[in-house]
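Trainee: Sharing a structure, written as structure tokens. Questions coming.
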DNA sequence: CCCCCCCC
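Numbering (the numbering used here), first residue to last: 73 to 688.
Right, dumping it as structure tokens:
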């Protein structure tokens, strides 16, 4: 019986730099494996073992085809036709990257006894004997590029050479290599061209370090197969910064591919491009390259997202605040900052913070619609948004969501009252809580310690449901300045009066304010927390000044009863964890900023989520 | 070859 598989394909890929054009191989999947290196966006990657009946070879499936694996269409012993693919050499191993495929009907039986072509190289740990027939593979890096390219010319873009036609380079100077999908780029090949849209471009940043001074910029390219970040230094900034416009399509070739530094970007690619002096970039007017796709989260639904998640948001700029400046605690550098307020049909308003040059140059007094991609969700004031380096914003974009918002705002939104995200759900507890508002992430005391919240340079915020086990009676307050303007600074007893350094005056008597030290616990542990005046007063149900009066009058029963009443009560504590030092040892101070009746609904939702994580 | 994504 004739095999339905494309005989000889594996050997061709393995040994040749020139895979024939127009070959659309049919191969059998021997295994599918999820790779334990998901992209920054959390997208899974799948590796396939592909057989032509005689040999097998490794394959990768482009992420946009993952659904075929996830719904089991592509599975062990399934036959697939590689409608679009490239080949690739990675560390001497050949890899087929599948960009498009069709399922070929088959009865599910394994065909032949395929052998591992890589055996003789000793790169793989399989047990089958070496394949004597296969000639030694080419070892030099980039050997796969030619093969991939050849396959490419006919196939990438797919539409009968349409891509190739449009891909005709204006200059035709150097040998810039074949058109490649972004998905197929790797450091082991140097002859390639991508045709991709710039979806994001940074400012030019200047830096100076031990190696000297320099400048750089970065941008993100996107095509139908994926996205990749690119960075240029010094001369390449002069060469390309102005040329590369956000939203436009370019050919890029003769650049270096490096391993991506993931900690600095959320672009979903293992690699990134580095522009070099010989890099060639040319504009291209092919509009078929995809545009930025948005996945908008309604402003009223931001409470569904976790802190630090990235999301896309579109809204009308209701307010633009003054330009401000903050000093980073980590670097001591000042940063320009500007808050704007966004609203949408949900009736909810959210604050979004712009940074640096974007903050300085932002001007929009005509309440435009702005679409944001990849902004970071914060939990300050319930929910807030912050621009991220790789975030983009598009003013009055020509998309349906923007037109609909514009129409709504001009017709009715303009005169509407909006609900701001707030932390006001605290104190009200339960049903009366402000809609959409959600306090900081829920953590048990054990989690707060395990995750070392407050141990880094930054302050961490969290909410914890816990019970007051003990309230310290000895020192519960400090004598504060009596100035009615609310100075609240500590004052010193000078005998003749209580002196405030800040106000430069003395008072007959101080006003006592709380610094209440409490031990609180939940099922995972206990910690000492401090509550200041307003919060402590709420817990103690008496002002610090009145409590001090009871103490001074020697009314021990009444005095003690307030502490007793406070003990044993359960609250939702809004906590702030911050590092400071005590006897030169770093330690975390837990400050309670607010308390509320325990939010049982939120707590059980949180527990349900934890349970579902366990039971996967 | 950079790189902090900040602050209340």
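Quick reminder that beta carbons are idealized off the backbone N, C-alpha and C, glycines included.
Take the Cβ of residue 268 as the centre, count every other Cβ of all protein chains shown within 10 Å, and call the residue buried at 16 or more, exposed below.
Mentor: It counts as buried.
Trainee: Is residue 584 buried or exposed, if buried means 16 or more other CB atoms sit within 10 Å of its CB?
Mentor: Result: buried.
Trainee: Determine the direct distance from the alpha carbon of residue 685 to that of residue 679, and round the result to whole angstroms.
Mentor: For residue 679 and residue 685, the distance between alpha carbons rounds to 10 Å.
Trainee: Please report the distance separating the alpha-carbon of residue 358 from that of residue 132.
Mentor: Looking at the two C-alpha atoms, the distance is approximately 28 Å.
Trainee: Use the C-beta contact count for residue 282: other C-beta atoms within 10 angstroms, 16 or more gives buried, fewer gives exposed.
Mentor: Looking at its Cβ environment, which holds fewer than 16 other Cβ atoms inside 10 Å, residue 282 is exposed.
Trainee: Residues in its own chain within less than 6 Å of residue 518 by CB, not counting five upstream and five downstream?
Mentor: Cβ neighbours of residue 518 beyond the five flanking positions: 596 and 597.
Trainee: Return the first residue and the last residue of the alpha helix (DSSP H) that residue 472 is part of.
Mentor: Start and end: 472-483.
Trainee: Which residues in the same chain as residue 522 place their Cβ atom closer than 8 Å to its Cβ, once the five residues preceding and following it in sequence are excluded?
Mentor: Same-chain partners within the cutoff: there are none.
Trainee: Could you tell me if residue 201 is buried or exposed, where buried requires 16 or more neighbouring beta carbons within 10 angstroms of its beta carbon?
Mentor: For residue 201, the predicted model reports a pLDDT of 40, less than 50, meaning its position is unreliable; a value from the coordinates is still stated below. Burial call: exposed.
Trainee: Pair every Cβ in the stretch 626-639 with every Cβ in the stretch 557-566, then say whether three or more of these pairs are closer than 8 Å.
Mentor: Not touching, per the Cβ criterion.
Trainee: Give the single residue among 349, 302, 569 and 379 whose Cα lies nearest to the Cα of residue 532.
Mentor: Cα-wise, what sits closest to residue 532 is 379.
Trainee: Alpha carbon to alpha carbon, what distance is there between residue 98 and residue 126?
Mentor: Cα to Cα, residue 126 sits roughly 13 Å from residue 98.
Trainee: Where does residue 351 land, buried or exposed, given buried means 16+ other C-beta within 10 angstroms?
Mentor: Buried, because 16 or more other Cβ atoms sit within 10 Å of the Cβ of residue 351.
Trainee: Determine, using beta carbons only, whether residue 371 and residue 300 come nearer to each other than 8 Å.
Mentor: Contact flag unset, no.
Trainee: Keeping to the same chain, check which residues put their C-beta closer than 6 Å to that of residue 420; ignore five residues upstream and five downstream.
Mentor: If we look at residue 420 and ignore the five residues flanking it on each side, its Cβ neighbours are 371, 372, 491 and 508.
Trainee: Note the first and the last residue of the continuous beta strand (DSSP E) segment covering residue 132.
Mentor: Residue 132 -> beta strand (DSSP E) spans 127-133.
Trainee: Is residue 361 helix, strand or coil when you go by DSSP?
Mentor: Three-state DSSP puts residue 361 in coil, outside helix and strand.
Trainee: Assign residue 620 to one of three DSSP states: helix, strand, or coil.
Mentor: It is helical.
Trainee: Could you pull the start and end residues of the beta strand (DSSP E) that residue 323 belongs to?
Mentor: Segment 321-325, the beta strand (DSSP E) holding residue 323.
Trainee: Name the one or two DSSP bridge partners that residue 101 has.
Mentor: Per DSSP, 122.
Trainee: Would residue 665 and residue 607 qualify as a contact pair, given that the criterion is a beta-carbon distance under 8 Å?
Mentor: Yes, they are a contact pair.
Trainee: Quick check on DSSP: helix, strand or coil for residue 85?
Mentor: Residue state, collapsed to three classes: helix.
Trainee: For a quick check, are the C-beta atoms of residue 263 and residue 277 less than 8 Å apart?
Mentor: Not in contact: residue 263 and residue 277 (Cβ atoms no closer than 8 Å).
Trainee: Measure from the alpha carbon of residue 493 to the alpha carbon of each residue in 474, 654, 415 and 176, then state which is nearest.
Mentor: Of 474, 654, 415 and 176, the residue nearest in Cα terms is 415.
Trainee: Excluding five sequence neighbours on each side, which residues of the same chain lie with their C-beta closer than 6 Å to the C-beta of residue 649?
Mentor: So the qualifying residues of the chain are 525, 526, 532, 660 and 662.
Trainee: Quick one: give me the first and last residue of the beta strand (DSSP E) that residue 278 is part of.
Mentor: 277-281 is the extent of the beta strand (DSSP E) around residue 278.
Trainee: For the beta strand (DSSP E) containing residue 308, name the first residue and the last one.
Mentor: From DSSP, residue 308 is part of no beta strand (DSSP E) but of the alpha helix (DSSP H) over 307-312.
Trainee: Does residue 456 come out as helix, strand or coil in the three-state DSSP assignment?
Mentor: It is a strand residue.
Trainee: Between 408, 479, 592 and 577, which has its C-alpha nearest residue 516's C-alpha?
Mentor: It is 592.
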